[in-house]
Structure formats: C-alpha cells, structure tokens
Amino acid sequence: MLLDTILVTVGTLLVVFVSGQQDERVEDDQSIVTPQLVEEDGRTFPLEVGRYIIINCTAVGRPPPAGLFWERSDGKNLKSLGIVTEGFRNETTVRRSMIINSTQERMQGQYICLSSTFAIVSDSSSFSPQRRRLDMRIRIEVGPPPSPTIPAVNDVAKSRGELSTGATVATVVTVVLVTLLGVCACTELHRRKNRNGLSKRDVELFLKGNPDGVVKTGFAHENVSFQPYDSSYELEEDNLKIDKDNILGAGSFGVVYRGRYKADAVAIKTIKPGSDKTYLRALLIELKVMIHIGRHPFINQLVGATSKDLRRGLLNVVVELCSSNLESYLRQNRYTFINQFDVKGILDPRTGEEHSNECLRTLDLMRMAYQIADGMEYLGSRNVIHGDLAARNILLSEDGTAKITDFGLARQMYDYANYVKRNQEPLPWRWMSIEGLKYLSFSPMSDVWSYGVLLWELFTCGDVPYPGESWTTQFVEKLIQGLRLTRPKYSNKQLYSQIMVNCWNPTPKNRITFSQLKSYFGEYTKYQEQQSGQSSSSARRFLGVVHSETPF
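Shown next, in the form of structure tokens:
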C-alpha cells in the first residue's frame, strides 16, 4: 500500500428548502429555498493501485438534508468492492465520506453522491412531504503502481558474455516479479482476513484523537471520536469471562452477552463477526460517549473495554449488569398494577399501601419518571443527545433504580440514513419528534419529545404508542396537524395536559425542559423517601427477569 494520503472534498451540496409564504410550524421561522447543487460535479480522480483515499461529499442547510449516500452507477455494492462509508452530522451540515484503504482496479468506475429529504410545499397549508434528490457524479480511474526501473542491457554486445548477461538480467527480473507477486498475495490475504477490522490510521485516531476535528459547539457524539481514548478504562482481557451461551440481546450487527469481570457480573456488548466496520466505529464512538458521560446514579455505568484487537475487528464494551428493562417490567406487572389516582385525579399514597411489596403502584411510576428525568438532565449538562429514549432503553437494577442505557446515536444515524435511502420505516418512529421524522434532526429537545412518549408507556403499563397507526409519510402530516397520544389509562388530567402534551410541542424551543420535569416528579417522590425504603422494595420481585441491553 502507498503510504501517502489524499483527502478530497468532492462537492458541496447547498441544501435548504423553499416556501413561498411564512409557516409558523417551521422551527424558528427559517426561510427555505429549493435544494441546489453548487460545484464539483463530474470530476475524475486518476489513482494508482494501492492508494489510500477519502472522498467527502458535504451538504449544508437549515435544516440539513435527511441523508447523503454514495452509490456506484452500475449498482455494484460498495462493501463488496472494499469501500466503506461513514458520516458526520450537526445542525447545519451533513457529510458522507467514501473511504478506500487500498485502491484496486475493480474500484474503477463512476460513483454518485445522493441526497434525499422532505420539503414543505410552498402553496399548501398542510405538510406534504416530497422527496428532493440531488446527485453529484465523480469518476475514479485506476492505473498500475509505478514499476521499478530496470537498467537496460547494452544492445550492442561484442562478446560471448552478451548471452550470459541477458540471462542473468532475465533471472533477476523473474525473481523480482515472483517476489512481488508473493508479497501482493500475502497482502491481499491479510486484507481479506482483516476486512472487518480498522486500519492502522483508524486505530491511531481512536487512541490519540485529532483535536483539529473538534467542533466547539458540537454535541458529544460529534466530537468524542476526535478525543483521545482514556486508557484507564482498558480492562485486562484475562479477567473478562464471556458466557457466549447466555445472550442478553442481539440485533443485526451486535450482540450482548452475560459475563464476569473479576468477581462482578457484567453485560458485554460486541460486534457480530463479519459486520460492516461502520458499526465497529459506531461502537467506539458509543464507548467514548460513555467515558465522556462519567458516573451518575441513573445512567447505566460503563465498566470498561477491551480494544487491543481493533485491527481484527474485535471490541468488547463492558457495562454493569441490570436485572430487567422497563418495557418488560411494565408489561409483566400490568395486571396487578395499583392505580393511586382517585376518581378526582388526586394521588392518594395510602391506596394499596399494604401491597407495596408485591404490586407496582402509581408512586413507583412517578419515582422512575423522576429518575429518568434526572439522568436526562445530567446528559444535557454533558452535551449528550440520546436519540432513542424509550422504555426498552431503560434498565432496572436489583433495587428498582431506573438507569438510562444505549448511547449509540452514531449507529442510529447510520441506520436512519439507510431507512431514508431504502424508503423503509424508521425503527423508532413512534418515539421520534416531528423534526426527527422530517429532517433526522436530533437535539436535547427531541429527547424531551421521546420522554413524553416514555411517560405514556409508563402510565399505560407498557402499551405500544399510537395503537392502530402504521408508518407512512402521512403519519408525519398527522403529527403536524395535531395528532397526539391520548391520555393514558393510569394518568390524571394534570399529568397528561401539563406534562406529556408539553413534551410534544411542535416547536422544540417551546417544550418543557428536563429540569422542569425533574422538579415536577420530584415533588411526588418525597412521600416515598419517607417510607423507610418502601420505594424500592416492590421492585425486587423481578430479579429473575432477563436483562435486555439494547444491541445493534
């Protein structure tokens, strides 16, 4: 492989949206104009075999487009060609990088950068999503690497040594060619063996970081990859025992095992063999986000990681083991739930007090709502966006404490971008805010929207949000027109109208804050604090429930 690096920015897509009249439903009343392609279309890049190259495609706007995607014009899969892509996103910019670790002849061809998003029709009073698609084309030409210079033999030989000299040169050339072919074969075999691992450059970036890449106003998931790895979190592999017969959770690209680190039971999140290295990079970002977060009583605690085999694609992220997740617990206990709101909507803590050790009660829901709000307030202070707040991503410890988990926003953005590209439903659409569904825009205020849906889950004891609805683009229109979840079965009017509904304000800046939510639910938890530990005793029933850490 040639060691020099070419870093090319291919194109800037200026992406904003058009509206002929001001629409109060558009956040901050931003004017919107038709997407336009600005420059860098149709360029050709002549590259030698073995060259390392990163080709960036960048789009800017407010809001930025839903996603950028690299495709090959003949439809060949980029991964099968040995090409990977990774992305970056903030409030105004989206970037998709096409990374070629070692240019090969099969990579020659035309590549297209595509942008897909929704726009608002200017002459309509309702939201009508339309797909705006820009394309930018480049071509990669691949040539052979420079050949070693072989001194020419004197073509006017005067003696019988001419034949001997020619034979010697031929022998040397043959030996050189055979050696080169052997080296190339070994290199290709090594590359195939480690195709799911990180390059030497990627590992160095993970370990040492790159301060020049830090955006001062960026969120944690945007900046942590440029921060150096805190090696104090590196665990001794000999002390980590993974029980691969005890799977706590599994997804398309990741799996969570039960295990032990020294004497402690732990959960171990890792990548499935053969998974795209994009997910390995995303798990590294999640690891650094958790290190950045630090310790908090209502956040699932990072124990550490083993990261010495990243070149082979091996990474274990180790976290504290919890007994259950909130979604499972609510559904398991819904039939014995004790509603402590009376007919007038007043909370009576004495209702069901004699069953506090056996049954889930309204006060327990209030306590967990407080703990989650407290944890989310802390995340906001650390500039962390969760992006997928839901009951399934809340773990419960043995004493019933709620702990927020799954900080894989980088991986979520990759998944969301894929759904836009393939026109599939976004997996957590029932919990996503309007701006998240329209623009894939995430912020602390979009987390507040999701928290409101989580409250709805709490006070229905685990019902599925928006029953009867299915994912279509018309669902977004319904939300903009005012569709909201109805009052939960076990909520009073005040909790619904003053708290949940205010989580779902269509304008993010007008939503209730996590500090306000923490204060509200904190008032309800004071009674439990006076009950000599009663607040958590009822939760000890679910010790045998399977832990469900969110996988990939």
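Mapping of the sequence shown onto mature numbering (1 follows the signal peptide of the UniProt record, and there is no 0): residues -20 to -1, 1 to 532, in sequence order. Ideal Cβ placement from N, Cα and C applies to all residues, glycine included.
Contact test: residue i Cβ vs the ligand GDP heavy atom, cutoff 7 Å
i           : result
glycine 239 : This structure lacks the ligand GDP; in fact it carries no ligand of any kind.
Residue closest to residue i, alpha-carbon to alpha-carbon, out of the options
i                 : options                           : result
glycine 89        : Val74, Arg76, Gly55 and Thr385    : Gly55
arginine 76       : Lys59, Phe49, Thr83 and Leu58     : Phe49
phenylalanine 206 : Glu217, Asp182, Leu459 and Val299 : Asp182
proline 486       : Ser471, Thr453 and Leu459         : Leu459
arginine 330      : Lys324, Lys252, Leu343 and Glu338 : Leu343
arginine 464      : Phe455, Asn472 and Pro125         : Phe455
phenylalanine 317 : Gly442, Glu121, Arg491 and Arg86  : Gly442
serine 53         : Ile92, Thr385 and Thr38           : Ile92
valine 195        : Glu28, Asp354, Phe68 and Trp484   : Phe68
asparagine 482    : Tyr504, Ile265 and Met425         : Met425
glycine 462       : Ser421, Trp484, Glu333 and Thr453 : Trp484
serine 377        : Ala245, Glu184 and Leu290         : Ala245
arginine 291      : Gln496, Glu184 and Val74          : Glu184
alanine 243       : Val283, Leu27, Asp115 and Glu334  : Val283
proline 26        : Pro125, His276 and Ser421         : Pro125
Inter-residue CB distance, residue i and residue j (contact presumed, cutoff 8 Å)
i              : j             : result
tyrosine 209   : leucine 187   : 5 Å
glutamate 307  : glutamate 449 : That pair is no contact at about 19 Å.
serine 423     : proline 488   : 6 Å
glycine 502    : tyrosine 350  : 5 Å
valine 299     : glutamine 281 : 6 Å
methionine 78  : isoleucine 35 : 5 Å
methionine 356 : tyrosine 419  : Not really, about 22 Å apart at Cβ, beyond 8 Å.
leucine 215    : leucine 263   : Actually they do not touch by this definition, with Cβ atoms about 15 Å apart.
leucine 301    : alanine 247   : 5 Å
valine 29      : valine 122    : 6 Å
glycine 22     : arginine 117  : 6 Å
Residues near residue i by beta carbon distance below 6 Å, same chain, minus five either side
i              : result
isoleucine 80  : Ile33 and Ile63
threonine 381  : none
arginine 410   : Pro445 and Tyr446
lysine 249     : Val236 and Val297
serine 179     : Asn81
tyrosine 476   : Arg467
serine 287     : Leu295
proline 408    : Asp368
methionine 348 : Ala382
serine 413     : Ser426 and Trp429
histidine 366  : Asp427
tyrosine 470   : Asn319 and Phe439
leucine 340    : Asn313 and Phe317
threonine 385  : Asn280, Asn373 and Leu375
tyrosine 315   : none
Cβ-based neighbour list, residue i, same chain, cut-off 8 Å, excluding 5 preceding and 5 following
i             : result
histidine 272 : Ala200, Val204, Gln207, Arg362 and Val364
valine 525    : Because valine 525 carries a pLDDT of 35, less than 50, the predicted location of this residue cannot be relied on, and the following value inherits that uncertainty. Cβ within range, chain order: Ser303, Ser304, Ser308, Tyr309 and Gln312.
alanine 371   : Asn305, Leu306, Glu307, Leu310, Leu434, Glu437, Leu438 and Gly442
aspartate 256 : Lys59, Val64, Asn176 and Phe233
Spatial neighbours of residue i in its chain, beta-carbon cut-off 7 Å, leaving aside the 5 residues before and after
i              : result
glycine 189    : Phe206, Gln207 and Pro208
aspartate 322  : Asp328
lysine 138     : Here the model assigns lysine 138 a pLDDT of 46, short of 50, so the residue's position is not dependable, and the following value carries that caveat. Contacts found: none.
glutamate 7    : Caution applies to glutamate 7, whose pLDDT of 41 falls short of 50 and renders its modelled position unreliable; the value that the coordinates give is listed next. Counting only Cβ-Cβ distances below 7 Å, and skipping sequence neighbours, we find Glu415, Thr487 and Pro488.
aspartate 218  : none
methionine 346 : Phe501, Tyr504 and Thr505
glutamate 191  : A small fix is needed here, since residue 191 is proline in this sequence, not glutamate. The residues are Phe206.
C-beta contact flag for residue i and residue j at 8 Å
i                 : j                 : result
phenylalanine 494 : glycine 360       : yes
isoleucine 227    : tyrosine 241      : no
isoleucine 251    : glycine 293       : yes
aspartate 223     : glycine 234       : no
arginine 491      : valine 428        : yes
glycine 297       : alanine 285       : The question names glycine, but residue 297 in the sequence shown is valine. Yes, these two residues count as a Cβ contact at 8 Å.
glutamate 66      : arginine 261      : yes
glycine 325       : lysine 473        : yes
threonine 24      : arginine 119      : yes
isoleucine 479    : tyrosine 504      : no
leucine 389       : lysine 383        : no
aspartate 354     : lysine 221        : no
glutamate 266     : phenylalanine 387 : yes
Chain C contact for residue i (CB, 8 Å cutoff)
i              : result
methionine 480 : Annotation note: the requested chain C is absent from the structure, which comprises a single protein chain.
| Which residue spans inside the stretch 167 to 234 form an unbroken beta strand (DSSP E) run of at least 3? | 220 to 230
| request: Just list the alpha helix (DSSP H) runs in the stretch 254 to 305, keeping only unbroken ones of 4 residues or longer that don't cross its boundaries, in chain order. | output: 257 to 273
| task | Starting from the N-terminal side, write out each stretch of the alpha helix (DSSP H) that is 4 residues or longer and does not extend beyond the stretch 329 to 363. | result | 342 to 361
| query | Where in the stretch 54 to 78 do unbroken runs of the alpha helix (DSSP H), each at least 4 residues long, occur, reported from the N-terminal end onward? | reply | 58 to 61
| field | Ordered list of alpha helix (DSSP H) runs contained in the stretch 431 to 518, each at least 4 residues | value | 453 to 461, 494 to 509 and 514 to 517
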